[in-house]
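Below is one structure, written out as structure tokens; comments come after it.
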Amino acid sequence: MIVMLILLIYDVNHRLPSFKSLRLFKLLNEVAMEENIYKQHDENTDWMSRVGFYKDEITILQGVLSEIASKNTGDEALKEVEHYQNQFIVQRDNLDQLAHNIRLNEQKFQQEVNDNPVAVDHRRMEYHQAEKDFIEYFENNFKGLRTDFKTFSSKWM
């Protein structure tokens, strides 16, 4: 049985904890979970697709935000526009960080396969739990941001 603690800090401004604060702590003498390289590669591929989807969605939301900013020049509207503009920047940075860590993970798999190509389909490596937790947390957090933004945009469109 593997027991791990995850340090997650919820931020009402929809910021995600960094990978540094999303560390997994191994308790006592327990070992890290391992999983087949191919399964982890498939997960990485899926996650990179999700990263691309969310980046596209942020681009679309930024377009809506620009339209709101051009039509509403009042202080209240512009203050909220700036808030969402900052949030989209933070979320894009989170996605960039996640994509970078996924690429590093893929490089580790490639190195392992190159170093020992025998029985790769049975090879197991330490599971990429931090990335999995990060994408799940990101998606839940982004869903809240998207809902808040839809409320905001319906008010000012």
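So the sequence shown is numbered by numbering that gives the first Met the number 0: it starts at 0 and just counts up by one. Cβ atoms here follow ideal geometry from the backbone N, Cα and C, with glycine treated the same way.
Would you list the one or two residues that DSSP bridges to residue i?
| i | result |
| --- | --- |
| N35 | R123 |
So, using beta-carbon positions, are residue i and residue j closer together than 8 angstroms?
| i | j | result |
| --- | --- | --- |
| W46 | I101 | yes |
| Y37 | D92 | no |
| E130 | L97 | yes |
| L144 | Q90 | yes |
| H127 | N104 | yes |
| S152 | V63 | yes |
Comparing alpha-carbon positions, which option in the options lies nearest residue i?
| i | options | result |
| --- | --- | --- |
| F52 | K149, I67, F151 and F141 | F141 |
| R49 | K154, N35 and E138 | E138 |
| E111 | E66, E125 and F133 | E125 |
| M156 | Y136, F108, N113 and K70 | K70 |
| T44 | G73, F108 and I57 | F108 |
| H210 | S152, D132, R122 and S153 | Here the chain covers residues 0 to 156 and nothing more, so residue 210 does not appear. |
| K54 | E34, N113 and Q86 | Q86 |
With burial defined as no fewer than 16 other Cβ atoms inside 10 Å of the residue's Cβ, what is the status of residue i: buried or exposed?
| i | result |
| --- | --- |
| V80 | buried |
| I134 | buried |
| H99 | exposed |
| E29 | Residue confidence for E29 is low, a pLDDT of 41 falling below 50, so the modelled location carries little weight; the figure read from the coordinates is stated next. With fewer than 16 Cβ atoms within 10 Å of its Cβ, E29 is classed as exposed. |
| I67 | buried |
| T150 | exposed |
| I59 | exposed |
| T146 | exposed |
| D10 | Any reading at D10 must be qualified, since the residue scores a pLDDT of 46, below 50, and its modelled position is unreliable; the value itself is stated next. Exposed: under 16 other Cβ atoms inside 10 Å. |
| N113 | exposed |
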